[in-house]
Amino acid sequence: IARGPKKHLKRVAAPKHWMLDKLTGVFAPRPSTSPHKLRECLPLIIFLRNRLKYRFIKIDGKIRTDITYPAGFMDVTSIDKTGENFRLIYDIKGHFAVHRITPEEAKYKLCKVRKIFVGTKGIPHLVTHDARTIRYPDPLIKVNDTIQIDLETGKITDFIKFDAGNLCMVTGGANLGRTGVITNRERHPGSFDVVHVKDANSNSFATRRETRDWQPNTAVDKMISK
Numbered sequence: 008i009a010r011g012p013k014k015h016l017k018r019v020a021a022p023k024h025w026m027l028d029k030l031t032g033v034f035a036p037r038p039s040t041s042p043h044k045l046r047e048c049l050p051l052i053i054f055l056r057n058r059l060k061y062r063f064i065k066i067d068g069k070i071r072t073d074i075t076y077p078a079g080f081m082d083v084t085s086i087d088k089t090g091e092n093f094r095l096i097y098d099i100k101g102h103f104a105v106h107r108i109t110p111e112e113a114k115y116k117l118c119k120v121r122k123i124f125v126g127t128k129g130i131p132h133l134v135t136h137d138a139r140t141i142r143y144p145d146p147l148i149k150v151n152d153t154i155q156i157d158l159e160t161g162k163i164t165d166f167i168k169f170d171a172g173n174l175c176m177v178t179g180g181a182n183l184g185r186t187g188v189i190t191n192r193e194r195h196p197g198s199f200d201v202v203h204v205k206d207a208n209s210n211s212f213a214t215r216r217e218t219r220d221w222q223p224n225t226a227v228d229k230m231i232s233k
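Following the numbering used here, the residues of the sequence shown are numbered contiguously, the last one being 233.
Next up, the structure:
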């Protein structure tokens, strides 16, 4: 029975001249079919990562070398060598979209407030949707509000209340990726709160409060470029 071409290569079976240590992982990059034989070539990823040690990709201002590092909603990806900056958002179909941004916009990101609590010694803490923990937040910031974070300092520079009249983007459920203006909120104690949203085409839809994320209003529309 035909099994097809092999697609994996164990590190212990990799050619010795690749100089890969055995304790870093189980597998090694398997070279694609090329004019050079497997044991007489060097995969480009080993050439760039292990030999040249190039580290050009930054996520939220920090260099990342893990090729499987998870980039998520609102994360800023920067490539200094090319001067390019991108923000990861959703399109109207709920797919991840790579949005090109300016260097000025790449200095910050928007985060949804997931939790606020008082820690040891009475110090207030704030937890965002990307697992950031910030101490001593503004007392006016509440859960579900949106904050603007300076990526260099990690401090809050601005915040937006979760109120009617603000723009929002849905980040979960059947309406994932849709944007619109919050018209009103329905509170249901013991159950999910419902948020009613009207999009740019005047179509109204409802979503759970937990699936709504950032909402820049007209006063701070500069936070997100079009």
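Even glycine gets a Cβ: it sits at the ideal position worked out from N, Cα and C.
Since we're looking at a predicted model, the values are computed, not measured.
Cβ shell of residue i (< 6 angstroms), same chain only, five flanking positions each side left out
i: Gly187; result: Val204, Lys205, Asp206
CB of residue i within 9 angstroms of CB of residue j, strictly
i: Arg185; j: Ile99; result: yes
i: Ile53; j: Ile74; result: no
i: Leu158; j: Ala113; result: yes
i: Lys149; j: Ile123; result: yes
i: Tyr61; j: Phe80; result: no
i: Asp152; j: Asp82; result: no
i: Arg56; j: Thr72; result: yes
i: Val33; j: Arg10; result: no
i: Trp25; j: Pro50; result: yes
Cβ separation of residue i and residue j, assumed to be a contact under 8 angstroms, to the nearest whole Å
i: Arg46; j: Leu16; result: At roughly 11 angstroms, the Cβ-Cβ gap does not stay under 8 angstroms, so Arg46 and Leu16 are not in contact.
i: Pro146; j: Ile163; result: The pair is not a contact, with the Cβ atoms about 12 angstroms apart (cut-off 8 angstroms).
i: Leu30; j: Ala21; result: 14 angstroms between Cβ atoms; not a contact.
Cut-off 8 angstroms between Cβ atoms - residues of its own chain near residue i, not counting five sequence neighbours on either side
i: Thr135; result: Cys118, Lys119, Val120, Arg121, Ile141, Ile154, Ile156
i: Asp200; result: Arg192, Glu193, Arg194, Arg215, Arg216
i: Lys13; result: Arg37
Proximal residues to residue i (C-beta, below 7 angstroms), its chain only, five neighbours per side dropped
i: Ile86; result: Phe63, Ile64
i: Ala78; result: Ile66, Thr84, Leu95
i: Thr225; result: Note that Thr225 has pLDDT 38, beneath the 50 cutoff, so the model's placement of it is unreliable and the number below is only indicative. Cβ within range, chain order: n/a, list empty.
Proximity test, residue i beta-carbon vs the ligand COA heavy atom, cut-off 8 angstroms
i: Glu112; result: Looking at this structure, you won't find the ligand COA or any other ligand, since it has none at all.
Below-9 angstroms beta-carbon distance, residue i vs any chain D residue
i: Ile52; result: This model lacks chain D altogether; it includes just one protein chain.
Going residue by residue through the stretch 131-199, where are the continuous beta strand (DSSP E) segments of at least 3 residues, counting only ones entirely within it? Whole beta strand (DSSP E) segments, 3+ residues: 131-135, 140-142, 153-157, 163-167, 174-176, 186-193.
If contact is defined by three or more beta carbon pairs under 8 angstroms, each pair taking one atom from either stretch, is the stretch 80-97 in contact with the stretch 108-115? yes
With a floor of 3 residues, list each beta strand (DSSP E) that falls wholly inside the stretch 53-92, ordered by position along the chain. 64-66, 83-86
Length-filtered (3 minimum) beta strand (DSSP E) runs lying within the stretch 96-124: Qualifying beta strand (DSSP E) stretches, in chain order: 103-107.
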